[in-house]
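Here is the structure we will look at, set down as structure tokens.
There are 2 protein chains.
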Amino acid sequence: MDASQEETSTSPRLMRATGLEKGGIYRHFDSKQELAVDAFDHAWKISFDARFEGAGEISNTVDCLKQVVRNFRDRRAGLVPGGCPLLNTAIDYDDNNPPLRAKARQTLGSWLERLQSIAEEGQQRGELRSDVDCAKLATLIVSTLEGSLMVSRLQRKEEPLDSACRHLEEYLESMRP
Amino acid sequence: MDASQEETSTSPRLMRATGLEKGGIYRHFDSKQELAVDAFDHAWKISFDARFEGAGEISNTVDCLKQVVRNFRDRRAGLVPGGCPLLNTAIDYDDNNPPLRAKARQTLGSWLERLQSIAEEGQQRGELRSDVDCAKLATLIVSTLEGSLMVSRLQRKEEPLDSACRHLEEYLESMRP
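If you're matching them up, the sequences are chains X and G in order.
The opening residue of the first sequence carries number -10 in our numbering; numbering runs sequentially from there.
The opening residue of the second sequence carries number -10 in our numbering; numbering runs sequentially from there.
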């Protein structure tokens, strides 16, 4: 398939969501849906690694989760332009591309599970209050970060994301036994 | 302009974002950008009214803000499909339509200002702790609600939005002097 034939309005959004150039996008894929899933995978891997960078070396659970929160705010250099690939994909493609939507949903699930398992392991070691619902804590962290990123993007200022991070850091402090 | 000529890939997104039918969309507008701004205005007005429904009758500030938070979760019937028009617009159109982006930004600003002014008035009446930063409180409420709506949409379950509401309700409770 000629790349120029594929130049529909999906391309700019896909390029934005993935950070790939159009030439690179349309080379090795049988369908646009398949391509979008693969491009999302690529973009997500970069984001995911950045979000957990350095966190594994922090032994205390609350400190580790606070690092993950700060990473979301601070480690954006070199990431896909325009924010989180998950946020872009969730809104842009939720109705148009069922395989990509399934992929985004699965990715969100794996991000939540990773946070939840960090919290649960900490709870077992007595570093997190025993009454904390670790699944809900994970969901709240992700929701607050993604929402504040959206507000920051729209306002083109860092303050909403920064405020949300500080709020989560305080909230996580209150989780210590 | 013939409506069929306008049947580009923008239409489904615009229809989703606004809840309007295509026939209704392409009747009275000179440009697609202008149309999108007007459609967004329409969708936002419905959402905005629903979010503040009943809040004006609650005299206590914390109770009033809690009602606004619950409205975001509960008063979705009849609203535009797929969630918040602001969230859809912020992600879908941020690069493609500068007037719409400006409109969405202005709308976000007015939503934040309304929440901030409710909080500030309450602070003056001594119903909110004097150390609360009302602008940051407003931003945190909006960020948390929008992010959890995104997560709820992607997971197709209510729990993330419900959890976020409960978290905000608790947080607002802690704002009482």
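The beta-carbon is built from N, C-alpha and C at its ideal position, and this holds for glycine as well.
Could you work out which residues of chain G lie near residue i, taking near to mean beta carbons separated by less than 7 Å?
i	result
K125(X)	S152
R64(X)	By Cβ distance, chain G contributes nothing, its closest Cβ being about 19 Å from R64(X), past 7 Å.
S132(X)	T133, G136, S137, V140, P149, A153
R94(X)	L143, Q144
Based on Cα-Cα distance, which residue from the options lies nearest to residue i?
i	options	result
L104(X)	V131(X), E148(X), A28(X)	V131(X)
I107(G)	A153(G), L54(G), L161(G)	L54(G)
L157(X)	I47(X), A44(X), Q56(X)	Q56(X)
P74(G)	R59(G), E109(G), H31(G), I47(G)	H31(G)
E148(X)	L126(G), V140(G), D151(G), L143(G)	L126(G)
R145(G)	N49(X), V121(X), A93(X)	A93(X)
G136(X)	E42(G), A79(G), W33(G), E162(G)	A79(G)
L24(G)	I35(G), N86(G), V140(G)	N86(G)
A167(X)	R142(G), S119(G), A39(G)	What the structure shows of chain X is the stretch from -10 to 166, and residue 167(X) is not part of that stretch, so it cannot be assessed.
L138(G)	F61(G), A39(G), E159(G), F37(G)	F61(G)
G115(G)	W100(G), M164(G), S36(G)	M164(G)
F37(X)	E109(X), E102(X), S48(X), E110(X)	E102(X)
G45(G)	P88(G), E110(G), E162(G), Q95(G)	E110(G)
V26(G)	Q95(G), A39(G), I47(G)	Q95(G)
P166(G)	S119(G), I47(G), E159(G)	S119(G)
L161(X)	D63(X), S99(X), N49(X), W100(X)	N49(X)
K34(X)	S99(X), G43(X), Q22(X)	S99(X)
A39(X)	I47(X), D63(X), Q22(X)	D63(X)
At 8 Å on the CB atoms, spell out the chain G contacts of residue i, in chain order.
i	result
D112(X)	Strictly speaking, residue 112(X) in this sequence is Gln, with Asp absent from that position. Within 8 Å Cβ-Cβ: nothing; Q112(X) doesn't reach chain G, min ~18 Å.
For residue i, would you say it is in contact with chain B, using Cβ-to-Cβ distances shorter than 8 Å as the test?
i	result
L97(X)	Of the protein chains in this structure, namely X and G, none is chain B.
How is residue i classed by DSSP in three states: helix, strand or coil?
i	result
V26(G)	helix
E(-5)(X)	Reliability fails at E(-5)(X), whose pLDDT of 35 lies under 50, so the model's placement of it is uncertain and the value that follows must be treated cautiously. Here E(-5)(X) sits in helix by DSSP.
Taking C-beta to C-beta, are residue i and residue j nearer than 8 Å?
i	j	result
V51(X)	L134(X)	no
V140(X)	L97(G)	yes
L76(G)	S152(X)	no
C123(G)	Q112(G)	yes
C154(G)	R59(G)	yes
L89(X)	F41(X)	no
Report the neighbours of residue i on chain X: residues whose CB is nearer than 7 Å to its CB, in chain order.
i	result
L104(G)	Neighbours of L104(G) on chain X: none; closest Cβ ~12 Å, over 7 Å.
L129(G)	S152, A153, H156
Between residue i and the ligand GTP, is the CB less than 7 Å from at least one heavy atom?
i	result
V51(X)	With respect to the ligand GTP, the structure shown offers nothing to examine, as it has no ligands at all.
### Query
Unbroken alpha helix (DSSP H) runs of length 4 or more, entirely within the region 34 to 116 of chain X: which are they?
50 to 63, 74 to 81, 87 to 113
### Message
Quick check for students: name the residue ranges of the alpha helix (DSSP H) that lie wholly in the region 132 to 166 of chain G, counting only runs of 4 or more.
### Response
148 to 162
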